[in-house]
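Structure first, commentary second.
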Amino acid sequence: MGGPDRSKAVKYIQQLDQAQCGGDWEAVPNLVRKIRKHAPARACLTLAANATHAVQQAIRHQPSTGTNPEITALVQYVPPLIGAIDEEHNHPEDVFQAQVALGWVHWALGEPELAALRLPKNIEGDFSLLDGTSKQATGWTRTCALKAIYIKGVALEKSRSLGDAIEVFESGMPIVTATASELKKASELRKWTELLLTKFCLITSQSIKSNASPRMEAETLMAFRAWADFWERLASSTTAAVGGYATEADVPRRQIWKEYYATLSFIIQSDLPYPTTALGATSNNHGMRVIQRGELARVEARYESLLLKEAHFPKAEQSSEEIEELVELVLGNWAVLCGGCWDEHDLGSGGRVGVSRSVLEILYRAATKTFHSTQILRGLFTVHLALADFELAFKAFDTYFEIVNKGKQRVQKTGVPEHALDSNEDVLVTASKCIRALCQFGGHAGAEKAKKLAHFFEAWLEQHDPSHSQESPANGNANGVIDGNQKLLENGTTAETSTETSTVSPQVYAHAWRAIGISNAQWARLTPDAKSRPEYQTKAIVNLKTALKPDYGCTDDVDTLFALALVLSERRQLGDAIQVVGAALASPRNDDKTSNPAKFARERSLIRLWHLLALLLSAKEQFTEASHACEGAFKQFGDLKALFGEREGDGNYQSEHLNGMQERHSAAIDDMDDYEKEAILEVKMTQLLLIEVQDGPDVAVNGTEELLSLYSKLFGQTQTPFVVPRKSQQGPPTTGTSTLRSVKGSIFGRSKRSNRDASGATTFASSTAENVSTVSRPPTSQTTASVAPKIQVTGDSGTPSKLTRRSQHPSSKSAKGESLTHKLSQASIRNRSIAAPKTPSNPASDGEISPTKAVDSTFHQARGALPKPNAQGNKPSSSYSLLPFSSPATRLPPNESRRHRIGILVRVWLLIAGFYRRAEQYDDAKVSIEAASELVEGLETDILRDDSGQLLVDKREWGVGKSVEELWADVWAERGQASLAESWPFVALSHFESALTSFPDHPAAIVGLSNILLDISSETLVYPSSIPTIATPPSPASASPTSHKPPAHTSTTSTPLGLPPPPSPGPAPATTQLSLFDRLAARDRAHGLLDRLTKLGGGWNDSEAWFGLARAYEYAKMEGKAKEALWWCVQLEDARGVRGWEAVGGGGA
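Convert by adding 103 to the 1-based position in the sequence shown; the result is the number in this note's numbering.
Laid out in structure tokens, this is it:
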């Protein structure tokens, strides 16, 4: 037998290193024997290898229960290892391996403190001496370093020294990085690397939840990113699995991905600084957020994939807790990413829509692993609603409500709780969102469904809300409202508390009562049952006052105060409504941004309140203060650049979507949805109407260019299908035959659609960008009666021409001293918004907030309190729950948004047409009407080309607004008003008929048509003979409505019963007298139209409709009903602003 062989010793030592690194423990004893033979001086190395092999064998044979004698026998290796370590001075790597082996023996014996004590004190430092730039440690030494760090770190964790444990694990990251390339061929290295990273990730994740700090965030993400890099290398190996459990690991691999995703979610939802360790520094916040969103998406995909692969479909009595935890995290992240604190460009490709669609896909995939999950259904409703998928959203809610309702009934019956059911708080929050969405977007059908839901939850709250008073006031008077920021509403009696609802926060109760109040108010506006309207209004006031009770802590909630002020306005309680609005505008700013962290969130929420204040002040004929309120809606943003943005270099106000790729700061309107932008435009429209009331329509028309410019700033250029302009008839028809037919048709009604081609005045270019200047805002408060803006049109010759104002306007003078109805018509209804007297503003009455003080003080307060950035310490609940009131706003898809914006532009053009009409600039008015007509025609063409069959011209789209037929009715009604202004009542009659053919319940068309019918019935208006006179038609240059104007006795005013009409000056033309039957039919049809209109949502508060109904009663000799209608008309007029309350929009939601 030969002696020691040095070359063989080197070979066997290398083989031992490879065997240990590769986990070939069966070969270790034989290699140890050979090394002892050929290298007896390496006793420390061989003893460490033997001890490691013994521990490995003992762990492999560990029984599930009882004591393992092999583990107990490991104690025999402790003294020899200690001795070998002390005696070895030539081979530091052997000492290092022996120290780790000794520590592992103590670890296996269940002595973690001794294990940490036996390990090197400075593992990373000792290892750096063995593996430096001049030399490289063996593979097993590197593995021992990772094993030592793992053992010491876990030992420190068990001794509750988390900070020291994190430092130990962090010290091993350079070793992990250095050994990354060897993972595929070294199973033991891969095993200990994974164990180390797994424990490091779990410890740091636990630590950041309890002690968030920038250092902890960086350390935590460093651990998870190292794990992700390791997992990618692991996944690329054909021999290793990417799921399941790692060797000797306590948790599955997906648990690490779950913690990784939860940590990223925690940082996003808490708005903590985003560490970019191992990702490289970024130059700006935008680039950093793009990287953050990308990392979140990658981790989300990894975790979801593993979870869905390994999760099993539960049984009926089981729940999928981890699936629902994922859903909770996903929805929480979605609420932040698609909320107001992240910009569209921060989210990468697809923006908010892309993020929301990916969330929907996750929810639907998660639903395949759950059984009737109410949480997933709640998420589907919320996300679909934000995407304006109204049909899918409300289907999801219907299913959600059915499951929850049946589940709650089972729990009440059996007494056994069902953990899969949503809590009462979640149900109330979801139902509140649904009710408000139904009222805001659903029209009559949505209001009816919201009413049923509200009735159900109102009954539930009356039983379970501990703060609800059973003795709520039964009247609608806002007697509890007082000045300033003091207690807004009086306390009610407190009901007994219920343990079942102890988990429902007071704010949730307040939001539920607000939703119920909004539902009752909306149904009061739209119900066809006129008798029940006051009852629902009273209920709404009571509900909203309940939501404002101090017990709930929401006395300054802007949305609740707005809804209350609106319903008070509709009940003509102007003083109380002004108090509520003033209290809302003067309420202190809430610096807590967790509920709504959007930029200028408070200012944006106050726009509708400023608008409502302006309408209330105009109803009290305080027009100067009303104008100041309109200006306050804009001035609250401070500089207009903050609202509209500024293009670099020229200073023109531009929003972000109009500035191209130029560098700029994002403006407030860039974060607004279409409804918020519409609210701004509505304020400007009211502002111009106030200018008209104070200075006349000649001054108001000067602001029409500014109005179109504002539309362009808010919505950009609206693209519509190109419609070839038509040459329309320049004047009304002059043949008596057509006039007679139109009168007969109006008396008995029509069923056939009128020809739309019979209207319009000139050719109009569809693109508003070519006709609208985008110059900066002129000061509307100082507008002077200068030359009105001209609308350029193209004449028959193709050359541009300017439409100028007529020098004189033919108008018929009414006789004085006539009936009450005639005086009311002339003095209050028909001329009020046209030529209101310039009277000084009325002082505030006793007990009211001065409107001027409210406007001025709240404006200065708003300017001095701009939003502040989120505090770093704000954290959501430990379960990463979705905040109940932070759901992103509903944003219409591109096609629906375009149709909605076109509808807004149609309304703008028709308002402009009204200005020109009242300024007696009829040609310009016709051009504006034609502009609206072409927009509606293009919109109709677009809908008719839709292949889905879901779009109809006579049906409203959810969230879009009026249907195409309603828009056509608006156009035809304005044409009728223009014809009346030019004293062509029979042409107006035809236009009003066309409007009612499109939309039978159009208020303005019904009122206009009914007035003509009543004039025909009373023979105040007599139509010309059906036989046309022989006369040479005038040339187009000289033709004008003046040459065809009927005589003065064709005025649409009426006379008292029993008195003959006043004598007409001059000879009367040849006329055709209607029979008594035809005149009675005209009166009855007018009565039927007006009676129906005054019961509907569009006309119950229309004073002109009630005035016409009073005339119909008067002609029918029903003096009692006529007086009632007239007194109601007087009440409506006393509380009537320059516009209807519906101008503030949103269904009160």
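For each residue, glycine too, the CB sits at the ideal point set by N, CA and C.
Residue from the options whose Cα sits closest to the Cα of residue i
| i | options | result |
| --- | --- | --- |
| Leu564 | Ala1034, Leu541, Ala534 | Ala534 |
| Thr350 | Tyr377, Tyr364, Lys294 | Lys294 |
| Asn436 | Lys642, Ala499, Phe369, Gln478 | Phe369 |
| Leu1013 | Glu1037, Ser990, Leu1183, Ser264 | Glu1037 |
| Leu56 | Ala154, Gln123, Arg1242 | No answer is possible for residue 56: the residues shown for the chain start at 104 and end at 1252. |
| Ala404 | Trp445, Arg468, Gly443, Asp1026 | Arg468 |
| Asp1073 | Thr1123, Asp1045, Ala1016, Ala1084 | Ala1016 |
| Glu811 | Gln676, Ala732, Ile1005, Phe416 | Correcting the residue type first, residue 811 is Leu in the shown sequence and not Glu. Of the candidates Gln676, Ala732, Ile1005, Phe416, the one whose C-alpha sits nearest the C-alpha of Leu811 is Ile1005. |
| Ala557 | Asp108, Ala615, Val611, Asn153 | Ala615 |
| Leu300 | Ala321, Ser290, Trp334, Glu1033 | Trp334 |
| Asp267 | Val1247, Pro277, Lys255, Ile278 | Lys255 |
| Glu1217 | Asn1204, Ser1121, Lys1198, Asp1181 | Ser1121 |
| Glu999 | Asp776, Lys1198, Pro800 | Asp776 |
| Gly126 | His156, Gln117, Lys114, Thr1044 | His156 |
| Leu1055 | Asp773, Arg1214, Ile621, Ser1101 | Ser1101 |
| Ile311 | Thr280, Tyr348, Leu205, Leu265 | Leu265 |
Sub-8 Å separation of residue i and residue j beta-carbons
| i | j | result |
| --- | --- | --- |
| Gly1062 | Gly1111 | no |
| Gln358 | Glu431 | no |
| Ile1269 | Leu1099 | With the chain represented from 104 up to 1252, any question about residue 1269 goes unanswered, as that position is not in the structure. |
| Thr630 | Tyr639 | yes |
| Thr241 | Asp120 | yes |
| Phe303 | Ala326 | yes |
| Ala258 | Leu298 | no |
| Leu1042 | Arg1010 | no |
| Ala151 | Leu184 | yes |
| Ser1086 | Ala489 | no |
| Val670 | Ser708 | no |
| Glu528 | Thr606 | yes |
| Cys147 | His209 | no |
| Ile306 | Glu260 | yes |
| Ile1032 | Glu1069 | no |
| Ala470 | Ser476 | yes |
| Ala745 | Ala782 | no |
| Ser721 | Gly1240 | yes |
| Leu784 | Ile1007 | yes |
| Ala803 | Glu809 | no |
| Phe230 | Ile278 | yes |
| Leu429 | Leu410 | yes |
| Cys124 | Glu291 | yes |
DSSP beta-bridge partners of residue i
| i | result |
| --- | --- |
| Pro355 | Tyr348 |
First and last residue of the uninterrupted alpha helix (DSSP H) at residue i
| i | result |
| --- | --- |
| Glu285 | Glu285 -> no alpha helix (DSSP H), and no H or E assigned at all. |
| His156 | 146-163 |
| Asp1057 | Unbroken run through Asp1057: none, as it is neither H nor E. |
| Phe703 | No alpha helix (DSSP H) holds Phe703; DSSP gives it neither H nor E. |
| Lys648 | 636-650 |
| His1003 | 997-1021 |
| Tyr253 | 242-261 |
| Tyr1216 | 1206-1218 |
| Thr477 | 477-489 |
| Val802 | 800-803 |
| Val178 | Segment: none, Val178 is in no alpha helix (DSSP H) and carries neither H nor E. |
| Pro132 | 131-141 |
| Phe230 | 226-233 |
| Tyr1025 | 1025-1047 |
| Trp1230 | 1222-1237 |
Closer than 7 Å: residue i CB and nearest the ligand ZN heavy atom
| i | result |
| --- | --- |
| Ala553 | Because no ligand of any kind appears in the structure shown, any question about the ligand ZN cannot be addressed here. |
- Query: Below 8 Å, can you find three or more Cβ-Cβ pairs linking the region 528-544 to the region 1190-1206?
  - Reply: Contact between the region 528-544 and the region 1190-1206 is absent, because fewer than three Cβ pairs lie under 8 Å.
- With contact counted as at least three CB pairs below 8 Å, one residue from each stretch, are the region 228-239 and the region 132-139 in contact? Taking 8 Å as the limit for Cβ pairs, the verdict is that the region 132-139 does not touch the region 228-239.
- Message: I want to know whether the region 439-452 touches the region 500-516 - three or more CB-CB distances under 8 Å.
- Response: The answer is no - the region 500-516 does not touch the region 439-452, with fewer than three Cβ pairs under 8 Å.
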